[in-house]
Amino acid sequence: MSTPTTTVRPMGNAVRQGLRRGGRELHQTATTRQDLISNLVWLVGLLAPLYTLRDNDLAGTGMSVAGFLLPSMMSMCVAFNGMLGLTQQLIAERQDGTLLRLKALPHGMPSYLIGKIVNVAGIVLIACAAVTFLGIAMLPDVSAGDTGIWLGLAWVLPLGLLALLPVGAILGSLIDSPRNIGLVMVPMFALASVSGIFYPASQLPVWLQHVAEVFPLYWLGLAARAALLPDSAVAAEIGESWRHWETVGVLGLWAVAGLLLAPAVLRRAARRESGSTMAGRREEALKRSV
């Protein structure tokens with residue numbers, strides 16, 4: 001009969017291995033010029049509209065259009081560069097045989113997943129910090145001295161990442177080819193359009209509001225707006241409330257469910273990997289290149 005000590009020890013080893021793996025990958029990304037550029041070049045696309053709209057006032061709010069867009073940019077950063085970034089990495093590493101090799105290692109799957117979450121989360125947090133600091137520098141209605149901004153972001157970004165990154169891992173375990181990533185991109189843009197990212201969700205039909213409230217992207221965007229926008233902006237939200245406790249509850253549920261489900265889905269994907277599967281993929285790739 002196993003004791004609590006023997007049960008906990010393997011999980012502790014997996015966590016330590018995952019943290020070390022994620023730290024090494026993050027260091028490699030941060031110190032490799034090509035990797036750094038490929039991960040941060042999209043910041044230009046995010047910041048360009050903030051710069052061009054910095055002098056345009058949003059009617060009836062007393063703030064600029066760019067200031068209103070800043071939390072939306074940050075939410076999109078977490079969703080697309082975090083969740084979808086992890087999805088793309090897992091698809092690529094299934095293709096190159098990484099999961100096949102991990103099957104033979106002790107604690108291979110859990111430590112791999114933890115490492116990927118640490119790596120991608122680190123990249124996203126660096127990008128969000130850059131967006132925030134540059135947004136503050138160019139927007140007069142966002143102040144670096146407002147402690148509410150930093151306190152709000154300090155809890156919503158980690159919780160949002162924990163809610164979304166396991167979903168990215170699950171999608172990366174289920175999608176067989178990088179060519180099928182569009183199957184995720186299109187629904188993600190549709191979900192963003194009803195989640196208050198581009199315009200207030202309170203203006204949508206009630207049934208669409210309820211659909212948006214099921215998914216973590218809406219709550220991430222709501223919390224980001226609560227942190228970065230003035231209190232008067234709450235009038236545009238559903239129920240005219242920032243709903244902090246509901247945000248913590250929904251994001252927390254997604255995080256717990258994802259962290260419990262993702263390792264099982266990843267192990268199932270690894271079991272399907274074999275030498276013959278890898279050979280078949282190489283043959284298909286050669287046929288497409290001819």
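Mapped onto full-length UniProt numbering, the consecutive letters of the sequence shown carry residue numbers 1 to 290.
Even for Gly, the Cβ is constructed at its ideal location relative to N, Cα and C.
- For the pair of segments examined, the segment 216–232 was found to touch the segment 243–256: the number of CB pairs separated by less than 8 angstroms reaches three.
- V167 is positioned such that its CB atom lies no closer than 9 angstroms to that of I175.
- Looking from the CA of L162, the closest CA among A236, K116 and Y51 belongs to K116.
- Between L251 and L204, the C-beta gap is not smaller than 9 angstroms, which leaves the two residues out of contact.
- By the 16-neighbour rule on beta-carbons within 10 angstroms, I37 is exposed.
- R54 and V206 have their C-alpha atoms roughly 32 angstroms apart.
- Every unbroken stretch of the alpha helix (DSSP H) spanning 4 or more residues and falling wholly within the segment 164–244 is given here in chain order: 182–193, 206–214 and 216–228.
- If you keep only unbroken alpha helix (DSSP H) runs of at least 4 residues inside the segment 70–102, you get 85–95 and 98–102.
- In its chain, beyond the 5 residues on either side, M74, C77, V78, L153 and L157 have a beta carbon closer than 8 angstroms to the beta carbon of C128.
- Within the DSSP secondary-structure output, S64 pairs in a beta bridge with D57.
- Under the DSSP assignment, P49 falls in the alpha helix (DSSP H) whose first and last residues are W42 to T52.
- Under the 8 angstroms Cβ criterion, the segment 208–218 counts as touching the segment 188–195, having at least three qualifying pairs.
- About 4 angstroms separates the beta carbons of N56 and V65, which is inside the 8 angstroms limit, making them a contact pair.
- In this structure, DSSP gives T32 a state outside helix and strand, which the three-state scheme calls coil.
- Counting along the chain, no alpha helix (DSSP H) covers P140, and no H or E run does either.
- Excluding its 5 nearest sequence neighbours in each direction, A255 has C-beta neighbours in its own chain below 8 angstroms: L159, L162, A163 and P166, listed in chain order.
- At a Cβ-Cβ threshold of 9 angstroms, V142 and G135 count as neighbours.
- The Cβ-Cβ distance between Y112 and G258 does not fall below 9 angstroms.
- For Q88, same chain residues with a beta-carbon under 8 angstroms away, outside a window of 5 residues either side, are G172, P178 and I181 in chain order.
- With a cutoff of 9 angstroms on beta-carbon distance, A269 and L84 are scored as not near each other.
- Taking the Cα of A137 as reference, the smallest distance to any Cα among G148, L151, G67 and L90 is reached at G67.
- Between A236 and M63, the CB-CB gap reaches or exceeds 9 angstroms.
- By alpha-carbon distance to T147, the top candidate from P230, G82 and L90 is P230.
- Pairing V265 with A169 gives a Cβ-Cβ distance under 9 angstroms.
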